[in-house]
Structures are given as structure tokens and as C-alpha cells.
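> Numbering (our numbering), first residue to last: 109 to 410.
Have a look at this one.
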Ligand code: CP
Ligand code: NVA
């Protein structure tokens, strides 16, 4: 069997993604019942993190333990990709020890190169380009709260960053309408046109009220991502109209939910009143990282 990787949502077909959601639902129910099947027993996975992480690191490490496997947390001190040794050499060495590789780093091409040379599955735990595991968990959360994500309108407000691009990739495979509310200076780039040319329902809107009007999900992320915190001033100037606050939410559907991948910069892209209010499902999203990523790992491990 050829090994599979999960570097972007588009690595999987629509049917494969639906099977993965069903598996995540089943795994979550099992975990809630206290059942803990261990399909990864005897495997250790490498978890390479070149950026900070609370949710991703802990949910992968706990998920691996729950699946019967072990995890190795590896930072820049141990592996500086391409510096102490080449990425193909790191990939081939690691593949002799571990059952899979989870990696969070800057350059998406590094992760693609690692996956090309590794003979074990590689999972993208966030690059500057995309953060696919987050959106799988978020779609699971939408399904739980709204019954389905199919046919819904999802509005992403804020920077055209790795999260925005992950939502665009999800819209290329799954049946929902995506609106991106952002400024001209923070547009997510050519992926929008690629998605549209494939028939995905993706639009970029520069008016926050138009972007949230009647929508079912209002989503945001920090305005300056890891690695570009020096741009916070200019991003804030460009995006301040896109803050999620109670006033903006009056334009969304009455039952709309509010989502944030976290960490949040409260008072900037989202207010306290919304984060702590009845529409926010942010901690359910955080929990679902665990269940969704267990499903991703089990799928890749075959
Ligand atoms: N949402 C998310 O990926 O959080 P961390 O950066 O804490 O892993
Ligand atoms: N866009 C954010 C997501 C954090 C989970 C970042 O890359 O820092």
C-alpha cells in the first residue's frame, strides 16, 4: 500500500474526507464512553515543532497515547531542518524509527520535501501556508452544533493567512459557501481563483457587514500569525473593521455560531463579550482537535 500524507485538505477526496469525519465522530463517542481502542500500539510518532503550540502539540501527543502509541516532541534544538542535515536525510532516518511524523514549521515546501522522502505518513500541524487539521476539527464542530456543514454559509473574517487558505481548500472539496471578509492588503492570494475555477463557492468581500449578513458561522483568527508579529500594527490598521463584536453579529443568522482556532488576542480580532458569550463554540473546537486528529492518524496508518 502506498503511504499517504495529510499536508493539505485537498490531499483527500470528498468521499475520503466524509469517511474521516464519520471516523472522528465514532472515535469521539468511544472516548466519551471510556473505550480506548489502540490501533497504533507499538508505534512511536515524531512530533516536530518549530513554532509554539498549546492545542496542536497536546492534542497530538495525548491522541497518540490514547491510540496506544508513543510521541517524541522534537524542537529546533534536535532537528533544524536543512541545517544540521538535509531534509531528505532527516526523512529517511526518522522513517526507520517512527510510525509517522507530525510537523509544525514555517515553510510549507519543507514539509512537502519531508513527505516526499519519508516512507511513513507526514501530517501538517501548521505551516505559513495552511493549517488543515484545524479546519477538519472545525467542520466536525459545525456538524455538532448546526447538524451539518453542508449547504451552510461560513464567513472567515480577518487576515488572508494559513487559516483562510485552509478554509478555501475545504471549500474545494466540501459542500458549503465560503465568504472571506478581509482588506485588499490582506487578501489570501491566488488560491481564491484556483478554488473558483474548480467551481468552489468562495468569495472575497471587503465589507464586514456584507460578509456576515445571514451567515451561519462567523470565524476568525489572529491578525498577525506566528513569524510575522512585527506586522501587527499594519495588519490591525487594515483589519480593524473586521473585529467580531456583538454589533457585527446582529447581521448574522439568528442561530449563527462564532468560531476561533485560538489562541485569541482578545480585544483585537474578537471581543471578550463574544468569546465568552453564548454563540462562541471555541472550546468545543479545541476539544475536537483531539478526536479529529486521532481520526487523521488512524486513517493514514491504515
Ligand atoms: N489552534 C492551534 O493550532 O493552536 P496552537 O497554536 O496552540 O497549537
Ligand atoms: N494563523 C495563526 C494560527 C495559529 C493556530 C498562526 O499561524 O499563528
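Even glycine gets a Cβ: it sits at the ideal position worked out from N, Cα and C.
Excluding sequence positions up to five away, which residues of its chain have a Cβ less than 7 Å from the Cβ of residue 270?
Position 162 of the chain shown, counting from 1, holds the residue named residue 270. Same-chain partners within the cutoff: 234, 235, 236, 237, 238, 239, 333.
> Report, in whole angstroms, the separation of the C-beta atoms of residue 322 and residue 261, which I expect to be a contact under 8 Å.
Looking up residue 322 in the chain shown gives position 214. Looking up residue 261 in the chain shown gives position 153. About 7 Å separates the two Cβ atoms, so the contact holds.
> Determine, using beta-carbon pairs with one atom in the segment 388-407 and one in the segment 119-132, whether at least three such pairs fall under 8 Å.
Because the criterion of three Cβ pairs below 8 Å is met, the segment 388-407 and the segment 119-132 touch.
> In whole angstroms, give me the CA-to-CA distance for residue 301 and residue 390.
The residue you call residue 301 lines up with position 193 of the chain shown. The residue you call residue 390 lines up with position 282 of the chain shown. Each residue's Cα considered, the two are about 30 Å apart.
> Going by DSSP, what residue range makes up the alpha helix (DSSP H) through residue 253?
Taking the chain shown and counting its residues from 1, one reaches residue 253 at position 145. From DSSP, the alpha helix (DSSP H) with residue 253 extends over 240-254.
> Please name the residue or residues paired with residue 483 in a DSSP beta bridge.
Because the chain here runs from 109 to 410, residue 483 falls outside it and cannot be looked at.
> What are the partner residues of residue 289, as DSSP defines its beta bridges?
Here residue 289 corresponds to residue number 181 of the chain shown, with the count starting at 1. Its beta-bridge partners are 265, 313.
> Does ligand 1 have a heavy atom nearer than 7 Å to the CB of residue 369?
Numbered from its first residue, the chain shown carries residue 369 at position 261. Yes, Cβ of residue 369 sits closer than 7 Å to a heavy atom of ligand 1.
> Quick one: measure Cβ to Cβ for residue 243 and residue 285, integer angstroms, because I've assumed they're closer than 8 Å.
Translated into the one-based positions of the chain shown, residue 243 becomes position 135. Translated into the one-based positions of the chain shown, residue 285 becomes position 177. That pair is no contact at about 15 Å.
> Could you check whether the segment 149-161 touches the segment 208-227, counting it as contact only if at least three pairs of C-beta atoms, one from each stretch, sit closer than 8 Å?
Yes, since at least three Cβ pairs between the segment 149-161 and the segment 208-227 fall closer than 8 Å, the two stretches touch.
> Apart from the five residues on each side of it in sequence, which residues of its chain come closer than 6 Å, Cβ to Cβ, to residue 329?
Here residue 329 is taken as the residue at index 221 of the chain shown, counted from 1. Cβ within range, chain order: 266, 271, 369.
> Check the C-beta distance from residue 319 over to residue 263 and give it rounded, since I have them as a contact under 8 Å.
Stepping through the chain shown from its first residue, residue 319 is reached at position 211. Stepping through the chain shown from its first residue, residue 263 is reached at position 155. Rounded, the Cβ-Cβ distance is 5 Å, consistent with contact.
> Please report the straight-line C-alpha distance between residue 161 and residue 151, rounded to a whole angstrom.
Here residue 161 refers to the residue found at position 53 when the chain shown is read from its first residue. Here residue 151 refers to the residue found at position 43 when the chain shown is read from its first residue. Using only the alpha carbons, I get a separation of about 23 Å.
> Quickly, what does DSSP pair residue 378 with across the bridge? List them, please.
For the purposes of this step, residue 378 is identified with residue 270 of the chain shown, where counting begins at 1. Answer is 352, 374.
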